[in-house]
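Each residue of the sequence shown is one higher than the last, beginning at 1 in UniProt numbering.
Quick notes on the structure that follows.
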Amino acid sequence: MRGGGGGGSEGGFLAVLPGKVKFEEYLCVLYNETIDQGIVLTSASIINTKIIYLQPSSSSVVTSTTIETTTSSSPPTPTIRFKFHHQLQVSYRQSVLLILDDTEPDRYIEFQDCARFDVHTIISNRQIPICAQWNETGITVGGHSNGSFSLNQPLGLFIDSTTNNTLYVADFLNNRILGYSSLSDVVTTVYNETFSFPTTVYVDSKQNIYIDASGTNQILKISSTNSSLTVVVSSGTFINSYGFIIDEQKQLLYVSDDSGHRILRWNLNTTTCNVITVITGVRNQSGSDELHLNYPRGLDIAGDEEEVYLYVADFGNHRIQRYFIGNSSCDNITRAGITVAGNGTLGSGLNQLNGPRNLYVTKNNEVFIADTFNHRIMRWSLNSTTASGGGVCVLGCASVAGNGTTELNQPSDIKFDSNGNLYVCDTGNNRIQKFNILIDDSCE
Numbered sequence: 001m002r003g004g005g006g007g008g009s010e011g012g013f014l015a016v017l018p019g020k021v022k023f024e025e026y027l028c029v030l031y032n033e034t035i036d037q038g039i040v041l042t043s044a045s046i047i048n049t050k051i052i053y054l055q056p057s058s059s060s061v062v063t064s065t066t067i068e069t070t071t072s073s074s075p076p077t078p079t080i081r082f083k084f085h086h087q088l089q090v091s092y093r094q095s096v097l098l099i100l101d102d103t104e105p106d107r108y109i110e111f112q113d114c115a116r117f118d119v120h121t122i123i124s125n126r127q128i129p130i131c132a133q134w135n136e137t138g139i140t141v142g143g144h145s146n147g148s149f150s151l152n153q154p155l156g157l158f159i160d161s162t163t164n165n166t167l168y169v170a171d172f173l174n175n176r177i178l179g180y181s182s183l184s185d186v187v188t189t190v191y192n193e194t195f196s197f198p199t200t201v202y203v204d205s206k207q208n209i210y211i212d213a214s215g216t217n218q219i220l221k222i223s224s225t226n227s228s229l230t231v232v233v234s235s236g237t238f239i240n241s242y243g244f245i246i247d248e249q250k251q252l253l254y255v256s257d258d259s260g261h262r263i264l265r266w267n268l269n270t271t272t273c274n275v276i277t278v279i280t281g282v283r284n285q286s287g288s289d290e291l292h293l294n295y296p297r298g299l300d301i302a303g304d305e306e307e308v309y310l311y312v313a314d315f316g317n318h319r320i321q322r323y324f325i326g327n328s329s330c331d332n333i334t335r336a337g338i339t340v341a342g343n344g345t346l347g348s349g350l351n352q353l354n355g356p357r358n359l360y361v362t363k364n365n366e367v368f369i370a371d372t373f374n375h376r377i378m379r380w381s382l383n384s385t386t387a388s389g390g391g392v393c394v395l396g397c398a399s400v401a402g403n404g405t406t407e408l409n410q411p412s413d414i415k416f417d418s419n420g421n422l423y424v425c426d427t428g429n430n431r432i433q434k435f436n437i438l439i440d441d442s443c444e
């Protein structure tokens with residue numbers, strides 16, 4: 001079995017994707033006995049692998065729980081065996097989270113015969129399978145026709161997988177950020193503060209919240225330690241902000257200067273190089289060649305240790321541009337963009353876009369695009385030789401605005417949760433739609 005979902009099994013092997021795997025371990029019904037329960041992890045390379053115990057899910061008495069690492073000749077080496085020692089008084093079930101941070105394509109978990117298990121693959125680190133599809137019928141998870149938590153032109157999304165997929169929404173015309181808990185129906189107003197026309201929200205690994213308040217042309221930060229609100233980038237630096245992305249490792253902040261037709265970069269660690277750098281574009285000068293932009297909107301960063309790229313939703317040019325920004329925190333950049341999606345002309349063909357507002361790049365070299373005025377979500381391979389070769393429609397493929405469960409109206413942003421489910425900021429319908437991932441055994 002590959003991908004999401006899971007059923008009960010006893011013993012045997014389970015193929016898993018890179019990322020995170022959460023499984024429920026059911027041991028045999030034993031009374032006052034000690035058993036050794038093991039799993040085997042195998043892949044072509046065993047690196048950056050760790051296992052985390054979560055809370056037991058049923059009553060039990062565990063007098064000892066340890067992990068042994070040994071090798072095994074079957075399945076194929078190299079292999080790491082994690083062996084759990086439990087002394088039980090009742091039947092026992094325990095949640096275990098296995099984290100696989102490298103990118104090996106195939107690995108297996110082996111369970112001994114004395115266990116039944118349910119497995120749920122957690123897709124992490126942008127590992128969206130190329131073969132994945134999504135249920136065309138959406139579920140409204142944010143926005144209601146009335147009430148205090150109705151939405152008014154929501155523009156930006158963020159999903160924090162470290163807090164059980166908490167969903168954050170930039171509620172543009174209501175001047176606020178809302179937080180939706182995946183564990184309950186609770187909706188909260190973040191910081192209980194008014195933000196002037198927020199377009200983007202971002203939560204870093206330390207739980208600091210960053211907000212683009214486009215009405216005041218500021219990037220704001222809410223501290224996770226003391227809830228203080230500070231200005232990261234002040235007004236007057238750019239003409240009109242519309243989206244940002246943070247490279248946490250290098251402490252770099254990239255901002256779309258929408259009306260300025262350019263991308264700016266702030267070094268949040270000012271001891272290393274210049275504070276502000278113009279990545280691409282010319283102030284107040286739009287254009288459609290490789291050196292110009294036309295109302296840039298959403299941004300994303302993707303790559304590896306050798307090559308890092310910035311991706312830009314070039315809204316007015318109906319295309320997605322890519323810029324090499326290197327692996328340095330200073331000026332190792334290429335200001336000439338390469339078109340990776342769209343042919344630069346407005347249209348609804350599979351090789352065209354119409355006002356793309358945002359994008360999401362996966363580690364499988366695909367870009368998902370909120371094709372706003374075609375009212376659809378597109379998927380483009382970055383491995384194709386030309387951007388004009390065309391993409392694949394994922395959702396809203398009639399390219400007609402609508403408010404049904406299979407329709408969208410001016411989608412503005414897209415994000416994935418840790419299970420690979422797709423969330424769409426359905427701006428024209430004032431709602432957030434969730435589309436569940438569909439992966440079966442044939443998905444390789």
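Beta carbons are placed, not taken as given, at the ideal position from N, Cα and C, and that holds for glycine.
C-alpha gap between residue i and residue j, whole angstroms
i	j	result
T216	S196	6 Å
residue 451	T137	Residue numbering for the chain in the displayed model covers 1 to 444; residue 451 lies beyond these limits and cannot be assessed.
residue 448	S150	Outside the displayed range of the chain (1 to 444) lies residue 448, so it cannot be described from this structure.
S286	V255	17 Å
S418	N436	12 Å
Y309	E248	14 Å
D160	L253	19 Å
I211	L173	14 Å
L346	N374	10 Å
Q133	L438	5 Å
L408	Q153	13 Å
residue 454	T162	This structure does not reach residue 454, given that the chain is present from 1 up to 444, and the question cannot be answered.
S182	A370	23 Å
I130	N269	36 Å
T225	L353	42 Å
T194	Y311	30 Å
K415	G344	24 Å
P411	G428	7 Å
G316	G355	6 Å
T121	N364	Since pLDDT at T121 reaches only 47, below the 50 mark, its modelled position is unreliable, and no value is offered.
T406	D413	17 Å
A401	K221	35 Å
Y323	W266	16 Å
G326	I246	15 Å
A341	G236	32 Å
S227	T188	15 Å
Bounding residues of the beta strand (DSSP E) (the contiguous stretch that carries residue i)
i	result
Y180	R176 to Y180
E366	E366 to D371
P154	P154 to D160
P129	Here P129 belongs to no beta strand (DSSP E), and DSSP marks it neither H nor E.
R357	P356 to V361
T427	Run containing T427: none; DSSP gives neither H nor E here.
Y202	P198 to V203
F244	S241 to D247
A213	I209 to A213
L167	T166 to D171
G143	Unbroken run through G143: none, as it is neither H nor E.
D300	P296 to G303
V394	V392 to L395
Q433	R431 to F435
Integer Cβ distance of residue i from residue j, believed to fall under 8 Å
i	j	result
residue 446	I432	Outside the shown range of the chain, which is 1 to 444, sits residue 446, and nothing can be said about it.
G143	N430	5 Å
R297	A313	5 Å
V361	D300	5 Å
L350	G391	6 Å
T200	G243	5 Å
P198	S223	In fact, because the Cβ distance is near 18 Å, the residues do not count as touching under 8 Å.
L395	I377	4 Å
R262	V282	7 Å
Beta-bridge partners of residue i, as assigned by DSSP
i	result
Y323	L310
V233	I219
N267	L252
F416	L422
residue 449	With the chain running from 1 to 444 in the structure shown, residue 449 is simply not present.
Q285	V282
S381	E366
D185	According to DSSP, D185 bridges with nothing at all.
T277	R265
D257	S241 and R262
Test: residue i CB closer than 7 Å to a CB of chain D
i	result
N343	Here chain D cannot be found, since the structure has a single protein chain.
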